[in-house]
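Asks: In this note's numbering, the protein residues as written are 73 to 266.
Beta carbons are placed, not taken as given, at the ideal position from N, Cα and C, and that holds for glycine.
Starting off with a structure, shown below.
Given below as structure tokens:
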């Protein structure tokens, strides 16, 4: 296993942690090495677009899912990030993994295609960077409600600042009802949810 790479809790998530060198001038942090990720995944990865979002305190974006992989990094600010497995075929379907990004904790996280992810800003302002393996055109996205009761994400606020779009996202049960019914159409739970 490459140095600084470890599996996340959800199927396919990889956490990359590199040391930060600090002195009186500031710090230097190597956020990502492609060869380490590719060695860990055992296949090549091509990132085609880098997205940069700046958000203010209490802004919550998500939970958004696309059919491409993402590499997430927070260069400044304090951010709570949630990743939910909404892939119906996944062994970790319905589970949630959370990360805290801050000056004291600078991981880079690889999210495979199909996972839903969102974040809430805890500092006055935060910058959020993510590289993606496909070009964005708006046609290949899904979303799930940030406050979905089955996912039960432990957000640090219950009154976030949301976009109109994120206020209207469907629940997980509305998005993939087949995972919540048995063969007779009787509603059941999908299994242990985080």
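DSSP three-state label for residue 236, please.
Replies: Correct three-state label for residue 236: helix.
Asks: Look at the Cβ atom of residue 200, then the Cβ atom of residue 127, and state whether they are nearer than 8 Å.
Replies: Going by C-beta atoms, residue 200 is nearer than 8 Å to residue 127.
Asks: Relative to the alpha-carbon of residue 76, which residue among 101, 108, 100 has its alpha-carbon at the smallest distance?
Replies: When each option's Cα is compared against that of residue 76, the closest is 108.
Asks: Looking at C-alpha atoms only, which residue of 150, 90, 166 is the closest neighbour of residue 224?
Replies: Residue 224 has its Cα closest to that of 166, out of 150, 90, 166.
Asks: Assuming residue 110 is part of the alpha helix (DSSP H), what are its boundary residues?
Replies: Element bounds for residue 110: 106-113.
Asks: Opposite residue 79 in the DSSP bridges: which residues?
Replies: 86, per the DSSP bridge assignment.
Asks: For residue 188 versus residue 158, is the C-beta distance shorter than 8 Å?
Replies: The answer is yes: Cβ separation under 8 Å.
Asks: Nearest CA to the CA of residue 242: which residue from 216, 230, 231, 250?
Replies: Residue 242 has its Cα closest to that of 216, out of 216, 230, 231, 250.
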